[in-house]
Each structure stands twice: as structure tokens, then as C-alpha cells.
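What follows is a short report on a single structure.
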Amino acid sequence: MFVYGHRGAAGEAPENTLAGFRHAMKQGVRHFEMDLRCARGGEIVVVHDPHLSRTHLSRASVHHHTSDQLAGKVARSDRYLWQDSTGIPTLHAVVQQCRGAAHFQFEVKTGQLGDHEIFCQRLASFIREARLKRRCTVTSGDPELLKTMRAVYPACSLGLVADQAKPNPVKLAVKLGCDTLVLSHELVKHKRVDRAHQAGLIVSCWTVNSLEVAARLFHLGVDSVITDYPTAMLAHVAMLKKLTLKSVQDR
């Protein structure tokens, strides 16, 4: 089971920032989930919310500001000690920061995104130019965005983000041509994981911050977990793998 740093390492450092991704890389994290939006002028930036009041104590709206303006914002100092590299980074900057990463999940947030086709074309161009086709999956909870991405870039790996049992997330992911199902951990049941795997889907779960939940998902055969605390989760999953191997050897 792989461990993905949620928004870099959102419980350990400012989320979706170069400082956060740098911290996670130093701790050995090599799989990352991040959120994509569009700044004014079309640049793809890494940020979760459409507005910056929660993360940066600013009234700024992402799509009303350029990437340069967003990069100058400073993350909330009452939550973290970092004083630099905590603005809103571009996708290009994050990927450069994470050279050596094994895989990325790029979750596209569609609110205030603008023209889906133009955005998908820009994202497809970036993936091609950065040679990330085999190292990234574009995910979204919006089926229309996934359909557009498939039309624009047929070879792209896609993932459906789901937090509801209806419509059936496994069937919908297959219908959309996805290879990954990104489930809320609350939806994970043995039958659902089995059906997803039988359909050829990779199962990734969010947001898993409990070690007990992570152990349950591990034993259900989930392929990866997305967590705010990837440093601790890496150690926990390594222990689970070691105990499983020992159990097999002792039989």
C-alpha cells in the first residue's frame, strides 16, 4: 500500500506549498496528492480553496489573481512555523520541487475553473512536456471534467474522486474510462474493493489520518492511502507490511 502526502503534507506543513512539499520529500515521501486551479491568465496553480481566507488570511480569489500575485501570499503563521515558500505555487514549481517523486495525483477543482477544455489542454500539454504520463493521474469528482480530459488527452491516466455510494462509484469510474477510484475511506468495504479490482481499478483512499483506519484499509487490499501525516503513515505501513510478511513466513 502506497502512502500519498495529502496536499503535500497538510498536517505537518502548510498545505499545497513549496515548503510543505520540500518537507515531505525530506521525510522520504515519494507519492503526492495536490489540488489544481486556474489563476488569472491561465496558469495552473496548486491550491485547494477558491479563496485564500482559510489558508492565507487573505480575501483574494484565486481566479482573480495572477500566479505571481498568488505566489506572494503568506500562509497563516498561527498554524505553522514556516516563513518562506508558503505562497500559492504553480504546478510547474511543485513538480520541479518534487523531482524524484514516484507518482502524483492531480485533483482538478472545477469551481471557477473557466472553460474545461482550455484547462484540460493546458494540463495535457504540461504533462507531456514534463514527461509525467507514467507518473501522474488526473483526478476529479466532476465526471464532465474527466470526460473532457479523456477527449483532450486519451492516453492520460484518470481517477474518479467519490464520497457517495450513489451513483455506484465503481461503475461510474469504469464508464468514464478511469483506471483509478479515489474513495473516501468511509465508503471502503470489502465487496467494493473487490469489485473495483475485478474491474481493473486501482483503489486509493482519502483522507486517512487514523492508524487504525489505515490498518483496516491495508488488510482490505486498498492500493494507496492519502494522508495529512505521511511521515508517520510511511512508518506505520512499513510495519504492517513487515508483520504481514512475518505472519506468512511463520505459517
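Residue numbering for the sequence shown follows our numbering, starting at 1235 and increasing by one per position.
No residue lacks a Cβ here, since even glycine has one placed at the ideal position from N, Cα and C.
E1267 is a Cβ neighbour of H1240, given a cutoff of 8 angstroms. Take G1245, set aside five residues on each side of it, and the residues of its chain with a beta-carbon closer than 6 angstroms to its own are D1462 and Y1463, in chain order. With fewer than three CB-CB distances shorter than 8 angstroms, the region 1358-1370 does not count as touching the region 1286-1302.
Straight-line spacing of the CA atoms in K1409 and W1316 works out to 43 angstroms. If you look at L1357, you'll find it in the alpha helix (DSSP H) that goes H1350 to E1363. In the three-state scheme derived from DSSP, where H, G and I count as helix and E and B as strand, S1418 is classed as strand.
Contact annotation: E1277 and S1301 have beta-carbon atoms nearer than 8 angstroms.
Scanning the region 1430-1464 for uninterrupted beta strand (DSSP E) segments of 3 residues or longer gives 1436-1440 and 1458-1461, listed from N- to C-terminal end. With respect to the 8 angstroms criterion, S1458 and H1265 are classified as neighbours on the basis of their beta carbons. With respect to the 8 angstroms criterion, H1431 and G1455 are classified as neighbours on the basis of their beta carbons.
Closest in C-alpha terms to L1468, from the list T1251, K1260, T1382 and H1285, comes K1260. Under the DSSP assignment, G1334 falls outside any beta strand (DSSP E); it carries neither an H nor an E label. In the DSSP assignment, S1295 falls outside any beta strand (DSSP E), carrying neither H nor E. Put simply, of L1479, M1473 and A1466 the residue whose alpha carbon is nearest the alpha carbon of V1263 is A1466. Taking C-beta separations shorter than 6 angstroms and ignoring five residues to either side along the sequence, the partners of V1416 in its chain run T1373, G1393, V1395 and S1438, following chain order. Take the alpha-carbon of D1349 and the one of Y1387: they are about 16 angstroms apart.
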